[in-house]
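Worksheet: one structure, shown below.
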Amino acid sequence: MIVSNVRILGGELVDLRISDGVIIAITPAGPEATAAGDELVVDGGGAVALPGLVDLHTHLREPGREDAETVQTGTQSAARGGYTAVHAMANTSPVADTAGVVEQVWRLGREFGHCDVHPVGAVTVGLEGRQLAELGAMADSAARVRVFSDDGRCVDDAVLMRRALEYVKAFDGVIAQHAQEPRLTEGAMMNEGVVSGRLGLTGWPAVAEEAIIARDCLLAAHVGSRLHVCHVSTAGSVEIIRWAKSKGWNVTAEVTPHHLLLTDDLVEDSPVGAYNPIYKVNPPLRTRADVEALRAALADGTIDIVATDHAPHPVEDKETEWSAAAMGMVGLETALNVVQEAMVETGLLDWAGVAQRMSVVPARIGRLAGQGQPLEPGAPANITLYDPSVRTEVDPSAFASKSRNTPYEGMTLPGRVVATFLRGRPTVLEGKLV
Ligand SMILES: [Zn+2]
Numbered sequence: 000m001i002v003s004n005v006r007i008l009g010g011e012l013v014d015l016r017i018s019d020g021v022i023i024a025i026t027p028a029g030p031e032a033t034a035a036g037d038e039l040v041v042d043g044g045g046a047v048a049l050p051g052l053v054d055l056h057t058h059l060r061e062p063g064r065e066d067a068e069t070v071q072t073g074t075q076s077a078a079r080g081g082y083t084a085v086h087a088m089a090n091t092s093p094v095a096d097t098a099g100v101v102e103q104v105w106r107l108g109r110e111f112g113h114c115d116v117h118p119v120g121a122v123t124v125g126l127e128g129r130q131l132a133e134l135g136a137m138a139d140s141a142a143r144v145r146v147f148s149d150d151g152r153c154v155d156d157a158v159l160m161r162r163a164l165e166y167v168k169a170f171d172g173v174i175a176q177h178a179q180e181p182r183l184t185e186g187a188m189m190n191e192g193v194v195s196g197r198l199g200l201t202g203w204p205a206v207a208e209e210a211i212i213a214r215d216c217l218l219a220a221h222v223g224s225r226l227h228v229c230h231v232s233t234a235g236s237v238e239i240i241r242w243a244k245s246k247g248w249n250v251t252a253e254v255t256p257h258h259l260l261l262t263d264d265l266v267e268d269s270p271v272g273a274y275n276p277i278y279k280v281n282p283p284l285r286t287r288a289d290v291e292a293l294r295a296a297l298a299d300g301t302i303d304i305v306a307t308d309h310a311p312h313p314v315e316d317k318e319t320e321w322s323a324a325a326m327g328m329v330g331l332e333t334a335l336n337v338v339q340e341a342m343v344e345t346g347l348l349d350w351a352g353v354a355q356r357m358s359v360v361p362a363r364i365g366r367l368a369g370q371g372q373p374l375e376p377g378a379p380a381n382i383t384l385y386d387p388s389v390r391t392e393v394d395p396s397a398f399a400s401k402s403r404n405t406p407y408e409g410m411t412l413p414g415r416v417v418a419t420f421l422r423g424r425p426t427v428l429e430g431k432l433v
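Numbered according to numbering that gives the first Met the number 0, the sequence shown spans residues 0 to 433.
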């Protein structure tokens, strides 16, 4: 197969020749790049070519909430967003806290996945924060779990967190923490600040996130293990992570697309009205100053990666009153567009920087072989073709996800995923699922 007329990381026009799922040659684009024999030619039309995107934080909802998403629809959504691998969070029903459940998710991924599916294992049994789950058995299972998280809940017990960090060292695993001090966020509905005060909604203080991150950085350093901080949302968290990195500690961090673009005043006043639960998310949308700090941190490497926290919910769980609505947003099909808007259009990142933060480094944190590799001869043909020159209105009815809870409906965002290739096999062509 030949993928012609693409710009690797936005560079010169080239043609990629692919055989048996591997890039075998890269040559300057030219009229001579025509198919020999029965070769398939896909014309990239000058699109930017990125290594296939890798998400470290996806909620696929299967098993248990197939009304919100399934492995099939979630990975279709991922492919449409340019992803070739996702990590499936453990807060399913049953919880992915045993070798049996992670192998079930891994098998569903092999059978129905439009991208690679890597199950995340729970840190504690039932996400209940009382006893450690079978971390070693999940690591040794067919799913070869390396990322462990109670995401949705915080491992707030310091002794359990310490033991988990110690345990995963044996197999080079990482604990991905959802940093939320539970007592400080009881009944919390939105960011604690000027807007929550005006609206009379229970606030979610930045310190509830920052206190856990500071504690966990210290614990990770103490036991010499790997910590990953999920969905960093405050300027203060950035400062703590910057300090931990300056010490040489093994701490990585992610930011979501929505925390790079949206702010808490949308709860009070937005194009879709006040108190619209489409903006209800955990951690909450913060202030403009936080957004600016997160963008700067992603640009300078303090925050390592973008992760979607794709959190599908059915209509009945979102279109209800603010206090009762579920927290979360879908994100796979708009992530690259939002990153272009927040980071590329602002001059903070170029396409090489985007590839690092959305493919290369997330694959490295998850210890994935065969993903996140630079596009060069010998590399697996995991490729995302992206046209940054167009602007289109976000249309949730076109999503492959089973859920529609996007905060971007009706917004105009830059760029379009043209095609996605998983080991040389197209999963999306001309923006449509194959
Ligand atoms: Zn979370």
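Glycine included, every Cβ here is placed at the ideal spot set by N, Cα and C.
Every value quoted in this text rests on a predicted model; they were computed, and no experiment measured them.
Outcome for residue 158 when other beta-carbon atoms lying within 10 angstroms are tallied against a minimum of 16: Position 159 of the sequence shown holds residue 158. Exposure of residue 158 is indicated by the presence of fewer than 16 other C-beta atoms within 10 angstroms of its C-beta.
Distance between beta carbons of residue 189 and residue 148, contact taken as under 8 Å: For this step, residue 148 is matched to residue 149 along the sequence shown. For this step, residue 189 is matched to residue 190 along the sequence shown. In fact, because the Cβ distance is near 24 Å, the residues do not count as touching under 8 Å.
For ligand 1, residues whose Cβ lies under 7 Å from any non-hydrogen atom: Residues flagged by the Cβ proximity filter: 150, 151, 177, 229, 230, 281, 308.
Boundaries of the beta strand (DSSP E) in which residue 210 is found, first to last residue: What you label residue 210 is simply residue 211 of the sequence shown in a count that begins at 1. Per DSSP, residue 210 belongs to no beta strand (DSSP E); it is in the alpha helix (DSSP H), 205-222.
Exposure label - residue 362; buried when at least 16 CB within 10 Å: Residue numbering aside, residue 362 sits at position 363 when the sequence shown is read from its first letter. That one is buried.
Per DSSP, cross-strand counterpart(s) of residue 190: Counting from 1 along the sequence shown, the entry for residue 190 is found at position 191. Paired residues: 203.
Where residue 170 falls: helix, strand or coil (DSSP): One-based indexing of the sequence shown puts residue 170 at position 171. Collapsing the DSSP output to three states places residue 170 in a helix.
C-beta contact flag for residue 398 and residue 332 at 8 Å: Reading the sequence shown from its first residue, position 399 is the one you call residue 398. Reading the sequence shown from its first residue, position 333 is the one you call residue 332. Closer than 8 Å, so yes.
Nearest residue (CA-CA) to residue 146, options 122, 185, 153, 126: Here residue 146 corresponds to residue number 147 of the sequence shown, with the count starting at 1. Closest by alpha carbon: 122.
At least 3 beta-carbon pairs within less than 8 Å: the segment 288-295 vs the segment 377-387: No, because fewer than three Cβ pairs between the segment 288-295 and the segment 377-387 fall closer than 8 Å, the two stretches do not touch.
Proximity of residue 50 and residue 374 at Cβ, strictly below 8 Å: As a working mapping, residue 50 is identified with position 51 in the sequence shown. As a working mapping, residue 374 is identified with position 375 in the sequence shown. For the pair residue 50 and residue 374, the CB atoms are nearer than the 8 Å cut-off.
Own chain residues within Cβ distance below 6 Å of residue 22, not counting five before or after: To locate residue 22, count along the sequence shown from 1; it is residue 23. Take residue 22, set aside five residues on each side of it, and the residues of its chain with a beta-carbon closer than 6 Å to its own are 15, 376, 378, 380, in chain order.
Collapsed DSSP secondary structure at residue 307 in the structure displayed: Your numbering for residue 307 matches position 308 in the sequence shown. Coil.
Residue from 428, 251, 413, 429 with nearest C-alpha to residue 365: Taking the first residue of the sequence shown as position 1, residue 365 is located at position 366. Among 428, 251, 413, 429, the Cα nearest to that of residue 365 is on 251.
Segment contact, 8 Å Cβ cut-off, at least three pairs: the segment 192-206 with the segment 137-146: The segment 192-206, when compared against the segment 137-146, does not touch it at the 8 Å Cβ threshold.
Residue(s) in a DSSP beta bridge with residue 18: Residue 18 sits at position 19 when you count from the first residue of the sequence shown. Assignment of beta-bridge partners to residue 18 by DSSP yields 21.
Endpoints, the alpha helix (DSSP H) within which residue 1 is located: For the purposes of this step, residue 1 is taken as the residue at position 2 of the sequence shown. Residue range 1-7 is occupied by the beta strand (DSSP E) that includes residue 1, with no alpha helix (DSSP H) assigned at that position.
Residue burial classification, residue 317 (beta-carbon count within 10 angstroms, cutoff 16): The count along the sequence shown starts at 1 and reaches residue 317 at position 318. Looking at its Cβ environment, which holds 16 or more other Cβ atoms inside 10 Å, residue 317 is buried.
Residue 40 burial status per 10 Å Cβ neighbour count (16 or more: buried): As a position in the sequence shown, residue 40 is number 41, starting the count at 1. Residue burial annotation: residue 40 is exposed, with fewer than 16 other C-beta atoms found within 10 angstroms of its C-beta.
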